[in-house]
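**Q**
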Amino acid sequence: MRIPAATYRFQFTSDFDFASAQAIVPYLAELGISDLYASPILTATTGSTHGYDAVDPTQINPELGGQEGFEALAEVLKQHKLGWLQDIVPNHMAFNSQNPMLVDVLENGPDSQYHNFFDIDWDHPYEALRGRLLAPFLGKFYGDCLESGELQLEYGQAGLTVNYYDMKFPIRIESYTQVLSYDLARLRKKLGRNHPDFVKLLGVLYMLKYIPSGEEGRERYDQIIFIKGMLWELWNDSPDVKQYLDENIKVFNGAPGNAESFNQLDNLLQEQFFRLSYWKVGNEELNYRRFFTVNGLISLRVEEQSVFDIVHELTLKLLKEEKITGLRIDHIDGLYDPSQYLKRLRESAGDAYITVEKILEPAEQLPLHWPIQGTTGYDFLNQVNGLFCAQGNEDEYTSVYHRFIGKPVSCDRLIDENKRLILGKHLAGDIDNLAHLLKQLSSRYRYASDFTMFGLKRALVEILAVFPIYRTYINREGSSKIDRSYIRKVLDKAKKSIPNFLNELYFIEKFLLLDFDQPITEEDKDQWIHFIMRLQQFTGPLMAKGVEDTVLYVYNRLISINEVGSSPCDFGISVDEFHAFNQEKATQWPHSMNTTSTHDTKRGEDTRARINVLSEMPQEWETCLKEWRDINASYKQVVEGQDAPDPNDEYFLYQTLIGSAPFDDEEFPSFVDRVKDYIIKAIREAKVHTGWIRPDTSYEEAFTQFTEQLLKDPENNPFWQSFRPFQQKIQQYGICNSLSQVLIKLASPGVPDFYQGTEFWDLSMVDPDNRRPVDYELRSQVLQEIKQRSQDDILGLIKDLLQTPEDGRIKLFLTQRGLQVRQAHLDLFQRGDYQKLLISGSLRDHVVAFSRTLGDRKVIAIAPRLVTSLVQPGEYPMGEQVWYETRIPLAQGDAHSWQDAITGENVGVTDTIWIRDALKHFPVALLIGNSTTEQVETESPD
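Under my numbering, think of the first position of the sequence shown as 57, with each following residue one higher.
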């Protein structure tokens, strides 16, 4: 198995395609990256900026360069000895007319060869959805769209479609008769009964009466192709037939203002295999599984072997050809049976490196039996980020937050309230489907036959609302001890919350625990397990939408710790907790990914590093908040009787500005626009004053105007004159946090992952802000300069970098030096054990130090933390004047001479490493025992 030494994530788009990446490969190789980590590359909707909306899993996206561009990039990677880690999406595809498989389903219904490809309930309890796929994409009610002429019948080479703006829905072939035979006498009168074109059209109508179905599927497709071909010839070769069809289509499309004129089109649409509806209907009545709450992403039944084969055929072929060398599995928790999927994938992918996008809650364990190398790294991100939050100040800092917003706020209560909000407004249709399934099952038991839909749904809502993790993994092979523990805790909590529904909860509990205490048929057992596995598919979307996409924008105490996979109620972690995490990782998942920024993180890694500094100075932070509130009070507007922005949003804004303000004032104009765009997204996600479903433009405009005033004319702006000095002070300390974060990522167990462009400062906000173009020409130039000066005068280079940290070169320098060490000692970093190091001295809580050991080789990482009390703004935690007697006692048998891989300097020691010596020239250190190591390499190994 090829285990990456370090990965580098690219977000491919039509503006950054395979050719663009090809030009950057030499830079990545020189930096020390071993594997390109690519966003999805299969054909997606036109103009997709992320690739997660695939429309054809059998082809490489032509907008990225297609097969030819892929092959060229793969060859360049091979020449530079880089691997290719590919992000794949087995859970869903785009609900879009560009999706040929879905179009086939929409056109042929039960006769489609892809009838069971998508996760659709064709036998839905509601008659209006039975046998039809809901298509909730209309901007208003169906009848309004119909009678305003927004639904238009159209004919083209592919056949008849009904169009809603740029969306095209295919008309089933049997319905062509309605259009082709409408007022047929008119055409017969014009051409005559024996005219060849009229006879040919009659032939088409005759064939339409005898379209094969059922087992004669292949014959059906052949006949449809033949009919469509004949009709297309008539359209092109017979002006009279074309005119006749044009006139009929015009009749069907009706005349706005005349409701009766739309009867023909309405009748036509009623017999289709899809049902067009207002988009909000999808939240309440739904017969297909979506990705989270996105109507435009329809889920797959990848648990079916035939579906798995189609979705993975091209990917597995590229793996076999070694053009890609590893896989990243998107949204593993959305699958019906993740364990089965991963087992099947492993059998097909051989010994390929595989990681999964899995969100682990604090103390939650990744299932050890999964045949993978680990997660994509959100668990590591939140651990390392938590190191730089001052836990001891939690109570004081929380009080500052509560005083500013004018009331105490419970994080746990916000999570509960917002999960219930999502259940009621956005997942109601999904819960309704689960309740119907549960009602069907419960009716088979005498002691459950009186359960009502209301009672069962109420019990289900409570279970889902109190679920503490993304999901459990109960399947037909049984349940784990951990899963049963979670289920018991959930049911115990639910029973206390809704004691009036104890009967329903006790009934559900037996089956969730697979506690079949009475004889049960295999059919019933299979149905119960199916219900459980269905239920498990919806706990994840609820956590994602209720917490990640809502609470993380509402509970604004310290927004740096509000991150994907985080617990916003927590306030950092201790050094010992971090060591315990890394120790377990080294033992259980040594090749899991270590990331600090991704395409989905709520803010850039260096934005978080800055904001974390606030946790160290609650009193000074509160003083500034009060001053800024007074200065900016006149900029607020009153919207519906309240200030806009409200104190919570204002508090959020100040943190955002501190974290993301650019070093360079030249970037300020674009920064203002970026912040305004971000503010709109953030408050819509919060769903307090506005939202995506029903935007409150008055509040949004008031907030963006407030933001403009704060950033207007910085040189003469009272707020900015007060804010900027404090922000610059924070950013200097943030630099120290960032450098420590980089070193810890490089040296910890796992594969360090770098998101595009983050080798310089990453002061981005949430997407799309974090997907802006990256200046690779500048990065490549700086890398060459660093490499050259590192050979000639590395201490002079370091001095220069420390004096000008704002340009980001210092971060690139540290990244490159650390990656070279990993390349040179890869087996040590990939297989070496992990030990926390005992630190002695009064400043021991301000240092993270650990060792990686393999045989007689050892590497020690030393990174400062919480440095505001150690150095003045603009200074670095370096030297004797900072660290005094702080030291690391060495174990017996350790080397007595060490070299710092970052500076190249020897650190003279006996049986103790003095932090003042290790951090003499640079704010972090990566020490290698000289008794076993040659001079640190500065070039990539051959």
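Just so you know, even glycine gets a beta-carbon here, dropped at the ideal spot from N, CA and C.
1. How big is the Cα-Cα spacing for Y562 and S505?
2. Residues in the same chain with beta-carbon distance under 7 Å from L290, minus the five sequence neighbours each way, listed in chain order, please.
3. Which residues does DSSP pair with L207 in a beta bridge?
4. To the nearest angstrom, how far is the alpha carbon of A79 from that of Q872?
5. Straight-line CA distance for Y755 to T942?
6. Use the C-beta contact count for Y221: other C-beta atoms within 10 angstroms, 16 or more gives buried, fewer gives exposed.
7. Short of 6 Å in beta carbon distance, which residues of its chain neighbour Y611, apart from the five on each side in sequence? Order them along the chain.
8. Considering only the alpha carbon of each residue, which of S671, F724, F197 lies closest to C445?
9. Give, in chain order, every unbroken run of the alpha helix (DSSP H) that is at least 4 residues long and sits entirely within the stretch 220-279.
10. Report the option in R357, P181, L325 whose CA atom is closest to the CA atom of F173.
11. When burial is assigned at 16 or more other CB atoms within 10 Å of the CB, is G406 buried or exposed?
12. What distance in whole Å lies between the Cβ atoms of I144 and N117, which are believed to be in contact at a cut-off of 8 Å?
13. May I have the straight-line CA-CA distance separating A951 from Q937, to the nearest angstrom?
14. Thinking just about the alpha-carbon of each residue, which of E413, P423, A419, H368 is nearest to the one in S404?
15. Rank L443, C792, V111, Q948 by C-alpha distance to the C-alpha of P929 and give the top, closest one.
16. Using only alpha-carbon positions, find the residue among S104, Y93, E533, V517 that is nearest to L551.
17. Would the stretch 137-152 and the stretch 93-109 be scored as touching if the rule is three or more Cβ pairs under 8 Å?
18. For the alpha helix (DSSP H) that H492 lies in, which residues bound it at each end?
19. Excluding sequence positions up to five away, which residues of its chain have a Cβ less than 8 Å from the Cβ of F330?
20. Compare the Cα-Cα distances from V81 to each of S70, D112, H136 and report the closest residue.
21. Which residues in the same chain have their Cβ closer than 8 Å to the Cβ of F282, if we skip the five residues on either side of it in sequence?
22. Buried or exposed for D302, please, with buried defined as at least 16 other CB atoms from any protein chain shown within 10 angstroms of its CB.
23. From P524, P597, Y453, pick the residue whose C-alpha is nearest to that of T679; which is it?
24. Measuring only the C-alpha atoms, how far is I543 from S536?
25. Going by the CB atoms, is the gap between I984 and K914 shorter than 9 Å?
26. Out of curiosity, what's the CA-to-CA distance linking W939 and P555?
27. Let me check understanding here. Comparing Cα to Cα, which of V923, G911, R908, T909 lies closest to L899?
28. Hey, would you say D167 sits closer than 9 Å to G270, going by beta carbons?
29. Smallest Cα separation from A130: which of L375, Y277, F587, D883?
30. Report the residue from K134, V822, I969 whose alpha carbon sits nearest the alpha carbon of N618.
31. In angstroms, rounded to a whole number, what distance separates the CA positions of E124 and D73?
32. For the stretch 680-757, which segments carrying the alpha helix (DSSP H) assignment without a break, of at least 4 residues, lie completely within its bounds, in sequence order?
33. Please classify E275 as buried or exposed, where buried requires at least 16 other C-beta atoms within 10 Å of its C-beta.
34. Which ranges does the beta strand (DSSP E) cover as unbroken runs of at least 3 residues, wholly within the stretch 791-817, from first to last along the chain?
35. Using alpha carbons as the reference points, say which of L926, T652, Y932 lies closest to Q29.
36. With respect to the alpha helix (DSSP H) encompassing H635, which residues constitute its N-terminal and C-terminal limits?
**A** By the coordinates alone:
1. In the sequence shown, counting from the first residue as 1, residue 562 sits at position 506. In the sequence shown, counting from the first residue as 1, residue 505 sits at position 449. Y562 and S505: Cα-Cα distance of roughly 14 Å.
2. As a position in the sequence shown, residue 290 is number 234, starting the count at 1. Answer for L290: D253, K256, L257, V297, listed in chain order.
3. Within the sequence shown, residue 207 is the residue found at index 151, counting from 1. DSSP lists Y220 as partners of L207.
4. Counted from its first residue, the sequence shown places residue 79 at position 23. Counted from its first residue, the sequence shown places residue 872 at position 816. C-alpha separation (whole angstroms): 19 Å.
5. Here residue 755 is taken as the residue at index 699 of the sequence shown, counted from 1. Here residue 942 is taken as the residue at index 886 of the sequence shown, counted from 1. Going from the Cα of Y755 to the Cα of T942 covers about 53 Å.
6. Position 165 of the sequence shown, counted from the first residue, corresponds to residue 221. Exposed, since its Cβ has fewer than 16 Cβ neighbours within 10 Å.
7. For the purposes of this step, residue 611 is taken as residue 555 along the sequence shown, with counting starting at 1. Contacts found: C467, L470, P624.
8. Indexing the sequence shown from 1 puts residue 445 at position 389. Of S671, F724, F197, the residue nearest in Cα terms is S671.
9. 232-236, 240-247, 252-264
10. In the sequence shown, counting from the first residue as 1, residue 173 sits at position 117. Among R357, P181, L325, the Cα nearest to that of F173 is on R357.
11. On the sequence shown, residue 406 is found 350 positions in, with the first residue counted as 1. Flag for G406 reads exposed.
12. Your numbering for residue 117 matches position 61 in the sequence shown. Your numbering for residue 144 matches position 88 in the sequence shown. So it is not a contact: roughly 13 Å between Cβ atoms.
13. On the sequence shown, position 895 is the one that residue 951 refers to. On the sequence shown, position 881 is the one that residue 937 refers to. Rounded to the nearest angstrom, the two C-alpha atoms are 26 Å apart.
14. On the sequence shown, residue 404 is found 348 positions in, with the first residue counted as 1. Of the candidates E413, P423, A419, H368, the one whose C-alpha sits nearest the C-alpha of S404 is H368.
15. Working through the sequence shown from its first residue, we reach residue 929 at position 873. The shortest Cα separation from P929 among L443, C792, V111, Q948 belongs to C792.
16. In the sequence shown, residue 551 corresponds to position 495, counting from 1. The amino acid occupying residue 551 in the given sequence is Lys; Leu does not appear at that position. Closest by alpha carbon: V517.
17. yes
18. Position 436 of the sequence shown holds residue 492. 484-498 is the extent of the alpha helix (DSSP H) around H492.
19. Residue numbering aside, residue 330 sits at position 274 when the sequence shown is read from its first letter. Sequence-distant partners of F330 (beyond 5 residues in either direction) whose C-beta falls short of 8 Å from its own C-beta, in its chain, are L162, R188, L189, L190, A191, F225.
20. As a working mapping, residue 81 is identified with position 25 in the sequence shown. V81 has its Cα closest to that of H136, out of S70, D112, H136.
21. As a first step, residue 282 is located in the sequence shown; it is residue number 226 there, counting from the start. Here the set comprises M263.
22. What you label residue 302 is simply residue 246 of the sequence shown in a count that begins at 1. D302 should be labelled exposed.
23. Counting from 1 along the sequence shown, the entry for residue 679 is found at position 623. When each option's Cα is compared against that of T679, the closest is Y453.
24. Residue mapping note: residue 543 aligns to position 487 of the sequence shown, counting from 1. Residue mapping note: residue 536 aligns to position 480 of the sequence shown, counting from 1. Whole-angstrom Cα-Cα distance: 11 Å.
25. Reading the sequence shown from its first residue, position 858 is the one you call residue 914. Reading the sequence shown from its first residue, position 928 is the one you call residue 984. It is a contact, given that the beta carbons lie within the stated cut-off.
26. In the sequence shown, counting from the first residue as 1, residue 939 sits at position 883. In the sequence shown, counting from the first residue as 1, residue 555 sits at position 499. Whole-angstrom Cα-Cα distance: 58 Å.
27. In the sequence shown, residue 899 corresponds to position 843, counting from 1. Closest by alpha carbon: V923.
28. In the sequence shown, residue 167 corresponds to position 111, counting from 1. In the sequence shown, residue 270 corresponds to position 214, counting from 1. Yes, they are a contact pair.
29. Here residue 130 is taken as the residue at index 74 of the sequence shown, counted from 1. With distances taken between Cα atoms, A130 lies closest to L375.
30. Taking the first residue of the sequence shown as position 1, residue 618 is located at position 562. Among K134, V822, I969, the Cα nearest to that of N618 belongs to V822.
31. For this step, residue 124 is matched to residue 68 along the sequence shown. For this step, residue 73 is matched to residue 17 along the sequence shown. E124 and D73: Cα-Cα distance of roughly 12 Å.
32. Within the stretch 680-757, the complete alpha helix (DSSP H) segments at least 4 residues long are 703-716, 724-742, listed from N- to C-terminus.
33. Indexing the sequence shown from 1 puts residue 275 at position 219. Answer is exposed; the Cβ neighbour count stays below 16.
34. Within the stretch 791-817, the complete beta strand (DSSP E) runs of at least 3 residues fall at 807-811.
35. This structure does not reach residue 29, given that the chain is present from 57 up to 998, and the question cannot be answered.
36. Translated into positions along the sequence shown, residue 635 becomes position 579. Residues 631-644.
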